[in-house]
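Written out below as structure tokens is the structure these notes cover.
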Amino acid sequence: MAKQSTGYTALQLSLHWLIVLLVFFQLIFGEDMGHYNEVLRSGQDVAPLVTGYYLHVGVGVAVLALTLFRLGLRFRLGVPASVPGPALQVKAGEALHYLFYLMLIVTPITGLLAQYVDMRTFGEVHEAGKPIFILLILIHAAAALYHHFVLKDATLRRMMVPGTH
1 MAKQSTGYTA LQLSLHWLIV LLVFFQLIFG EDMGHYNEVL RSGQDVAPLV TGYYLHVGVG
61 VAVLALTLFR LGLRFRLGVP ASVPGPALQV KAGEALHYLF YLMLIVTPIT GLLAQYVDMR
121 TFGEVHEAGK PIFILLILIH AAAALYHHFV LKDATLRRMM VPGTH
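What follows is the structure, given as structure tokens:
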């Protein structure tokens, strides 16, 4: 069980925002992977696409490694308590965070398995992650803005300023 902390550390916040940037990069530029695999299967020259391929795989591995490191910090340092609110709202926020962590682990793993084990099976599972990620991001962003502008609590501020409750 994770410990309770009074606020996120600068390292925890940096990891959060770095992972956000890397996930956005993957969502925006990851479409080329399907094209790369089509060209590869057709026997055509994939040399012009290799840089994008290695970049996508490398960023995916970085997302996985950083997420595992972030989870380790979460268990070691803890996280601040949820902002007080209705029980359903608190549970929904917790569920959303667990789903994010699940996706941040499963998506890179299925991507690697697609490339090195079975493209058809794992590739489909990997590609199914994109709309799920987009939905989670939209819900997460909407909730953060709701907390900031409607509830006027510190939820968004504590994701930007270390040690904020």
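Residue numbers for the sequence shown follow UniProt numbering, beginning at 1 and rising by one. Where a beta carbon is used, it is the ideal one built from N, C-alpha and C, also for glycine.
query	result
Whole-angstrom distance between Met119 and Leu49, CA atom to CA atom	17 angstroms
Same chain, Cβ closer than 8 angstroms to residue 167, five either side skipped, listed in chain order	Past the boundaries of the shown model lies residue 167; the chain is included only from 1 to 165, so the question cannot be answered.
Ile139 to Val46 span [Cα, whole Å]	37 angstroms
The alpha helix (DSSP H) enclosing Leu66, as first and last residue numbers	Val50 to Leu77
Selection from Pro80, Val63, Gln44 and Ala92 that minimises the alpha carbon distance to Thr9	Pro80
For Pro86, the three-state DSSP class (helix, strand or coil)	coil
C-alpha distance - Ala144 paired with Arg158, whole-angstrom precision	11 angstroms
Reduced DSSP secondary structure (H/G/I, E/B, other) of Gln26	helix
Close beta carbons around Gly163, own chain, < 6 angstroms, minus the five adjacent residues each side	Gly7
Closer than 7 angstroms: Phe122 CB and nearest the ligand ATP heavy atom	As for the ligand ATP, it is missing from this structure, which has no ligand bound.
Three-state class that DSSP yields for Pro131 in the structure shown	helix
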